[in-house]
Amino acid sequence: MIARMWEVRASRSGFDELLSWVCDTAVPSVEVLPQHVSSDVYSSTDHRIVVITKWRNTPESLPAPPEKLVARAPHVWDFTPVDR
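Whatever position you read off the sequence shown (first residue = 1), add 4 for my numbering.
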């Protein structure tokens, strides 16, 4: 299992529209893929949106967000579970 964390900061006026795009367009575009396991979307008071997706093997990227809605390009990290 691989967890991919995708994080983006919205422009000052673009938060609501970016959050809608993430929930209505970006996440559904990967949820239909056969290796996808689950997705969670989080937001913060400082205009950040985080999506954590879980994959059976090689994770897929979310589509690029509309540039006018973001303060900077998304950051992406992959994680694997730790046996403890």
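Positions of the beta carbon are idealized from the N, C-alpha and C atoms, including for glycine.
Residue i, enclosing beta strand (DSSP E) - first and last residue
| i | result |
| --- | --- |
| D82 | H79 to F83 |
| S42 | H40 to S47 |
| E11 | I6 to R13 |
| R88 | Careful: R88 lies outside any beta strand (DSSP E) and carries neither H nor E. |
| R60 | Premise fails: R60 is in no beta strand (DSSP E) and is neither H nor E. |
Beta-carbon spacing of residue i, residue j below 8 Å
| i | j | result |
| --- | --- | --- |
| R52 | E21 | no |
| D87 | R8 | no |
| V41 | R60 | yes |
| A30 | L73 | no |
Boundaries of the alpha helix (DSSP H) in which residue i is found, first to last residue
| i | result |
| --- | --- |
| V34 | V31 to E35 |
| E21 | F19 to W25 |
Counted within 10 angstroms of its Cβ, other Cβ atoms place residue i as buried (16 or more) or exposed
| i | result |
| --- | --- |
| V55 | buried |
| T57 | buried |
| P69 | buried |
| L66 | buried |
| L37 | exposed |
| P85 | exposed |
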